[in-house]
Amino acid sequence: MSGPRISAVLITKNEATRVAPCLESLRWVDEIVVVDDESTDETRTICGRAGARVLVRRSEGDFDQQRNAGSDAASGEWILQLDADEVSPVSLRDEIRRALAHPSAVGYRIKRTNYFLGHEMRHGGWAWNGVKLFRKSAARYIGHSVHETLQVNGPVGQLASPIWHYPFQSLTQFIERQNFYTSVEARLLRQSHPTLGRWQLRRLLLIRPLKLFWKSYVKKSGWREGMHGLVFAALFAWVECLKWTKYWELNQPVAE
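Here the numbering used here = 1-based position in the sequence shown + 40.
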């Protein structure tokens, strides 16, 4: 099909167990660029076999720079940014082609359909709707962290078809990934808040996890998801506690 050139950009780190479905769903784009964070498994081999161009670059938690590096290396006029745990269904492919045949914006928001341990999460507050498709010359990631933001210079549209998101295949994988993310976030918190009072930190450790659990399980109706909703709310409350515990650890005196 004729139309503007589209490059899919992925960032990866040890994604050998889940990157294949993502790559398979992107066979329709003009090129796939993978920015790999020094994986120690078969991620780069799998991506190369799928025809992707692989760049190796250490991130140290700065996902914005990884994504920008991929966009810079891409040859397409339009960039579709995905993660290794995301899949582009046929309906999204067709909608993107229609939208870019006569684009009315320089970026397009795409919703996620989220799956937690194989279960589709309709409730619990895990909704996400952000710009994943954009004109290369009109957008740039900022943030220097695991919570990067895409800055778009121009009008933004909305696509109806979602991306399918499969972030965790097991509880072990969830814990391993959150251990990495919370370490990065704790370091960033220490940079922005070098010192917090003892009572303020205790409040963050005790109250914020409880608030997050209540918001997900009660306010956002996570209870409608059965055990998946309960486990989801409990785990993300634990993640909040872990983040602030690591912040506390970083501020402890170094033992001699």
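Beta carbons are placed, not taken as given, at the ideal position from N, Cα and C, and that holds for glycine.
This structure is a prediction, so every number in the text was calculated from the model and none was measured.
For TYR148, DSSP records a beta bridge to LEU173, GLY197. Comparing alpha carbon positions, the residue from ASN154, GLY158, VAL146, GLY269 closest to SER177 is VAL146. For ALA48, the beta-bridge partners assigned by DSSP are ILE72, LEU120.
Looking only at ASP112, PHE156, SER115, SER128, the smallest Cα-Cα distance to GLY269 is reached by PHE156.
In the DSSP assignment, HIS163 falls outside any beta strand (DSSP E) and carries neither an H nor an E. In terms of Cα proximity to ASP70, the closest of VAL49, ARG97, GLY101 is VAL49. When Cβ pairs closer than 8 Å are counted between the two stretches, the segment 137-145 is seen not to touch the segment 214-231, the count staying below three.
Beta bridge pairing from DSSP links LEU190 with TYR181. Across the set GLY237, TRP166, LYS283, ARG45, the C-alpha of TRP166 shows the shortest separation from the C-alpha of LYS151.
C-alpha of ILE72 to C-alpha of LEU66: approximately 8 Å in a straight line.
Contact between LEU120 and LYS172 holds: their C-beta atoms lie close to 6 Å from each other, under 8 Å. SER256 and ALA274 have their C-alpha atoms some 9 Å from each other.
Within its own chain, the residues whose Cβ lies closer than 6 Å to the Cβ of ARG248, once the five positions on either side in sequence are excluded, are GLU280, listed in chain order.
Burial is judged here by how many other beta carbons sit within 10 angstroms of a residue's own beta carbon; MET161 has at least 16 and is buried.
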